[in-house]
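*Asks:*
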Amino acid sequence: FVLHLLRTVPLSTASPPAVVRTLPPGFSSGLLQTPRPVSCGVHCRELHAGEERPTPSPTAAPERRPFSRVTPEDMAFFSKIIPGRTITDPDILEASNVDWLKSVRGFSEVLLRPQTTEEVSQILGYCNSRNLAVSPQGGNTGLVGGSVPVYDEIILSTALMNNVLNFDSVSGILSCQAGCVLENLSLYLEDSDYIMPLDLGAKGSCHIGGNVATNAGGLRLLRYGSLRGTVLGLEVVLADGRVLDCLATLRKDNTGYDLKQLFIGSEGTLGVITAVTILCPRKPKAVNVAFLGCESFEQLLQTFQLCRGMLGEILSAFEFLDRECMRLLNTHLKLANPITDCPFYIVIETSGSNPTHDEEKLHQFLEEAMTSSQVIDGTVATEEAKIKALWSLRERVTEALTHDGFTYKYDISLPVERIYQLVTDMREHLGDRAKSVVGYGHVGDGNLHLNITSPTKDPDLLASIEPFVYEWTARFQGSISAEHGLGLKKRNYIYYSKASLAVALMGNIKIMLDPKGILNPYKTLPDDLQ
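Note that the UniProt record's numbering numbers the sequence shown so that position 381 is 381, with each residue one more than the last.
Encoded structure:
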């Protein structure tokens, strides 16, 4: 362990009671219905001889609601207001109809690419008057089927709304359109010595508008907090085309209700986010990443407690992955384990303004962790290339899983001490019915990513996983969706995390802002409120 440290960094010489949430009377445990084939309507392409008609999604959706079908007159209107950006080419539409995991498929025949808020306003105003359903879409990196159509909804892409509107280098407040790619914003801010307050594995594709719409958490929430705190203002187009301008650049504004919070995490069901103002932190002058190994999850938690106490203000991330994750990284992506084989691995990042100070604090922490046998091996990186290599072991787990078979993904938040118990209990519950059961995630905010793979899609395996995973989570007062949202796949399980009255109020808000229900239908809210 010490040899690892010397090679990589110049060191200084100096449990709650069990609670089960009950479902409302008459509501099922959340098992979904079998999807039914749906007629494509006027503008759907004809099926070739022998070709099977696609089903809307692998998890059942409600029957198609009585929305209008797109007509030639509708296409003429769209082509007039966004000429050249009304897409009907099936090859282009394919990528927008299928989610990143290739587990959910819609069959929209129309993709609209507005560039301005005014164009979005005209589109939604028209669709609302015609009762045409709309599926808002950013980078399409979501994991719960919330960013693709279920049936033939019109896809409204923000991809061309990618301009930075303003950046105040004194306050660190960035204003930009919703279609800006997260990584591009990070690169833009680097020139001014600032960074984005969130970092995700999908940063090269995801849009800031989608991040806000799903309240994405990411790798550095421990340091910079959630988007509910860093987003200062939003511009949102409502279902009827009205533009809600809450694009504030003030850190303190206590005049009335904070309306922007309604749209953060609403998954495009209440309005389409077109612009964002966000508070950005200064770029740290010194970054260190430690990759450590532990013999048990208890030791991992002890290391976390020690880490928070000794690293304090410079701690920016504390992530973990288990031995099974490392096996998949090695098997499918040929990523080598830089330390001794261990049951658990930790990625710790420090970010500060004084390299000597930060390295000294990190050295003292590592020395204490090793002396107390909480950590059995580790390595540290200070150079950018080595830092990226260590982070890739955490960020590319999702990619490795896609090569292991069909993946069932669960994004759970729990009391920190319970996080890995769910993985252990799930392995025992499933036995040899699953190919792999792995756990990784954000220890700093109690967020577990539980992933289960099978050689192919297996309905019997899914029936064993659900609702077991949700019942287990509810028992320990957790959340069934920590940061991914509910989308199509999880909508009917909301009652495991929210009281019936809370869900009913959500339905009331939906009816108030989108009375016809045209925005991202079949998503987020359970079927009894659709």
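Ideal placement from N, C-alpha and C gives every residue a C-beta, glycine not left out.
Within a Cβ cutoff of 6 Å, which residues of the same chain sit near Ser79, ignoring the five residues on either side of it in sequence?
*Replies:* Numbered from 1 along the sequence shown, position 79 holds the residue referred to as residue 79. Within the same chain, Ser79 has close Cβ partners Thr86.
*Asks:* If you check the beta carbons only, do Glu119 and Ile154 fall under 8 Å apart?
*Replies:* Taking the first residue of the sequence shown as position 1, residue 119 is located at position 119. Taking the first residue of the sequence shown as position 1, residue 154 is located at position 154. Not closer than 8 Å, so no.
*Asks:* Would you say Ile278 and Val231 are within 8 Å of each other, going by their C-beta atoms?
*Replies:* Translated into the one-based positions of the sequence shown, residue 278 becomes position 278. Translated into the one-based positions of the sequence shown, residue 231 becomes position 231. Closer than 8 Å, so yes.
*Asks:* Per DSSP, Tyr410 is paired with what?
*Replies:* Looking up residue 410 in the sequence shown gives position 410. In the DSSP output, where bridge partners are listed per residue, Tyr410 has Leu450.
*Asks:* Identify the residues that DSSP records as bridge partners of Ser436: which are they?
*Replies:* Locating residue 436 in the sequence shown gives position 436, where the first residue counts as 1. Thr453.
*Asks:* Just reading off the beta strand (DSSP E) that Glu319 is part of, what are its end residues?
*Replies:* By one-based count along the sequence shown, residue 319 stands at place 319. Taken as a continuous stretch (DSSP letters only), the beta strand (DSSP E) holding Glu319 covers 315-322.
*Asks:* Per DSSP, what kind of secondary structure is Gly229 in: helix, strand or coil?
*Replies:* Here residue 229 refers to the residue found at position 229 of the sequence shown. In the structure shown, Gly229 sits in a helix (DSSP, three-state: H, G or I).
*Asks:* For a quick check, are the C-beta atoms of Lys285 and Ile195 less than 8 Å apart?
*Replies:* One-based indexing of the sequence shown puts residue 285 at position 285. One-based indexing of the sequence shown puts residue 195 at position 195. No, these two residues do not count as a Cβ contact at 8 Å.
*Asks:* Please give me, in chain order, every unbroken run of the beta strand (DSSP E) with length at least 3 that falls completely inside the segment 83-170.
*Replies:* DSSP runs (the beta strand (DSSP E)) wholly in the segment 83-170: 134-137, 154-157, 164-168.
*Asks:* Just the C-alpha distance for Val212 and Ser169, rounded to the nearest angstrom, thanks.
*Replies:* Taking the first residue of the sequence shown as 1, we reach residue 212 at position 212. Taking the first residue of the sequence shown as 1, we reach residue 169 at position 169. Taking the straight line joining both Cα atoms gives about 22 Å.
*Asks:* Should His207 go down as buried or exposed, given a rule of 16 or more other Cβ atoms within 10 Å for buried?
*Replies:* Locating residue 207 in the sequence shown gives position 207, counting from the first residue. That one is buried.
*Asks:* When we look at the beta-carbon of Leu259 and count the other beta-carbons within 10 Å, is it buried (16 or more) or exposed?
*Replies:* By one-based count along the sequence shown, residue 259 stands at place 259. So Leu259 counts as exposed.
*Asks:* On the three-pair Cβ rule with 8 Å, is the segment 403-415 touching the segment 448-457?
*Replies:* As far as the Cβ criterion goes, the segment 403-415 touches the segment 448-457, which means the pair count is three or higher.
*Asks:* If you check the beta carbons only, do Val397 and Ala290 fall under 8 Å apart?
*Replies:* For the purposes of this step, residue 397 is taken as residue 397 along the sequence shown, with counting starting at 1. For the purposes of this step, residue 290 is taken as residue 290 along the sequence shown, with counting starting at 1. Not in contact: Val397 and Ala290 (Cβ atoms no closer than 8 Å).
*Asks:* Which runs of the alpha helix (DSSP H) spanning at least 4 residues fall entirely within the segment 454-498, listed in chain order?
*Replies:* Segments of the alpha helix (DSSP H) lying fully in the segment 454-498: 459-465, 468-475.
*Asks:* Where does the unbroken beta strand (DSSP E) through Cys307 begin, and where does it stop?
*Replies:* For the purposes of this step, residue 307 is taken as residue 307 along the sequence shown, with counting starting at 1. From DSSP, Cys307 is part of no beta strand (DSSP E) but of the alpha helix (DSSP H) over 297-311.
*Asks:* CB Asp445 to CB Leu301, shorter than 8 Å?
*Replies:* In the sequence shown, counting from the first residue as 1, residue 445 sits at position 445. In the sequence shown, counting from the first residue as 1, residue 301 sits at position 301. In this structure, Leu301 does not lie closer than 8 Å to Asp445 by Cβ.
*Asks:* Consult DSSP for Val375 and reduce its assignment to one of helix, strand or coil.
*Replies:* Position 375 of the sequence shown holds residue 375. Reduced to three states, the DSSP call for Val375 is coil.
*Asks:* Return the first residue and the last residue of the alpha helix (DSSP H) that Asn184 is part of.
*Replies:* Reading the sequence shown from its first residue, position 184 is the one you call residue 184. Asn184 -> alpha helix (DSSP H) spans 182-190.
*Asks:* Taking all protein chains shown into account, decide if His484 is buried (16 or more other Cβ within 10 angstroms of its Cβ) or exposed.
*Replies:* Numbered from 1 along the sequence shown, position 484 holds the residue referred to as residue 484. So His484 counts as buried.
*Asks:* Give the range of the beta strand (DSSP E) segment to which Tyr345 is assigned.
*Replies:* Position 345 of the sequence shown, counted from the first residue, corresponds to residue 345. Per DSSP, Tyr345 belongs to the beta strand (DSSP E) from 344-352.
*Asks:* Kindly identify the DSSP beta-bridge partner or partners of Cys246.
*Replies:* Locating residue 246 in the sequence shown gives position 246, where the first residue counts as 1. Looking at the DSSP assignment, Cys246 forms a beta bridge with Leu234.
*Asks:* What residue range is occupied by the uninterrupted beta strand (DSSP E) comprising Phe291?
*Replies:* In the sequence shown, counting from the first residue as 1, residue 291 sits at position 291. Residues 286-294.
*Asks:* Sort Gly233, Asn163, Leu185 by Cα distance to Asp253 and report the nearest one.
*Replies:* For the purposes of this step, residue 253 is taken as the residue at position 253 of the sequence shown. That would be Gly233, whose Cα lies nearest to the Cα of Asp253.
*Asks:* Tell me the DSSP bridge mates of His442?
*Replies:* One-based indexing of the sequence shown puts residue 442 at position 442. DSSP, once it has assigned bridges, lists Glu319, Asn447 as partnering His442.
*Asks:* Val276 lies in the beta strand (DSSP E); which residues open and close that run?
*Replies:* Taking the first residue of the sequence shown as 1, we reach residue 276 at position 276. Per DSSP, Val276 belongs to the beta strand (DSSP E) from 272-279.
*Asks:* If you drop the 5 nearest sequence neighbours on each side, which residues of the same chain put their C-beta closer than 7 Å to that of Phe304?
*Replies:* The sequence position of residue 304 within the sequence shown is 304, counting from 1. Counting only Cβ-Cβ distances below 7 Å, and skipping sequence neighbours, we find Phe318, Val443.
*Asks:* Excluding the five sequence neighbours on either side, which residues of its own chain have a C-beta within less than 7 Å of the C-beta of Met326, listed in chain order?
*Replies:* What you label residue 326 is simply residue 326 of the sequence shown in a count that begins at 1. Around Met326: Asn337, Tyr345.
*Asks:* Should Gln115 and Leu187 be called a contact, given that it needs their Cβ atoms to be closer than 8 Å?
*Replies:* If you number the sequence shown from 1, residue 115 lands on position 115. If you number the sequence shown from 1, residue 187 lands on position 187. Cβ atoms of Gln115 and Leu187: not closer than 8 Å.
*Asks:* Using 10 angstroms around the beta-carbon of Asp415, count the other beta-carbons present and answer buried if the total reaches 16, otherwise exposed.
*Replies:* For the purposes of this step, residue 415 is taken as the residue at position 415 of the sequence shown. The question names Asp, yet the displayed sequence has Pro at residue 415. Exposed, because fewer than 16 other Cβ atoms sit within 10 Å of the Cβ of Pro415.
*Asks:* My guess is that Gly84 and Thr158 are in contact by the Cβ rule of under 8 Å, so how many angstroms apart are they, rounded?
*Replies:* Within the sequence shown, residue 84 is the residue found at index 84, counting from 1. Within the sequence shown, residue 158 is the residue found at index 158, counting from 1. Gly84 to Thr158, Cβ: 17 Å. No contact.
*Asks:* Can you tell which of Gln261, Ile419, Leu292 has its C-alpha closest to the C-alpha of Gly378?
*Replies:* The residue given as residue 378 occupies position 378 in the sequence shown. For the residues Gln261, Ile419, Leu292, the minimum Cα distance to Gly378 belongs to Leu292.
*Asks:* Helix, strand or coil: how does DSSP classify Leu505 here?
*Replies:* Along the sequence shown, read from residue 1 onward, the residue named residue 505 stands at position 505. In this structure, Leu505 counts as helix in the three-state DSSP scheme.
*Asks:* Can you tell me whether Tyr194 is helix, strand or coil according to DSSP?
*Replies:* Here residue 194 is taken as the residue at index 194 of the sequence shown, counted from 1. Strand at Tyr194.
*Asks:* Excluding the five sequence neighbours on either side, which residues of its own chain have a C-beta within less than 7 Å of the C-beta of Asp358, listed in chain order?
*Replies:* Here residue 358 corresponds to residue number 358 of the sequence shown, with the count starting at 1. Answer for Asp358: Ala286, Asn288, Ile314, Thr350, Gly352, listed in chain order.
*Asks:* For Thr214, which option in Pro136, Thr382, Glu368, Thr249 has the closest C-alpha, if you only look at C-alpha atoms?
*Replies:* Within the sequence shown, residue 214 is the residue found at index 214, counting from 1. When each option's Cα is compared against that of Thr214, the closest is Pro136.
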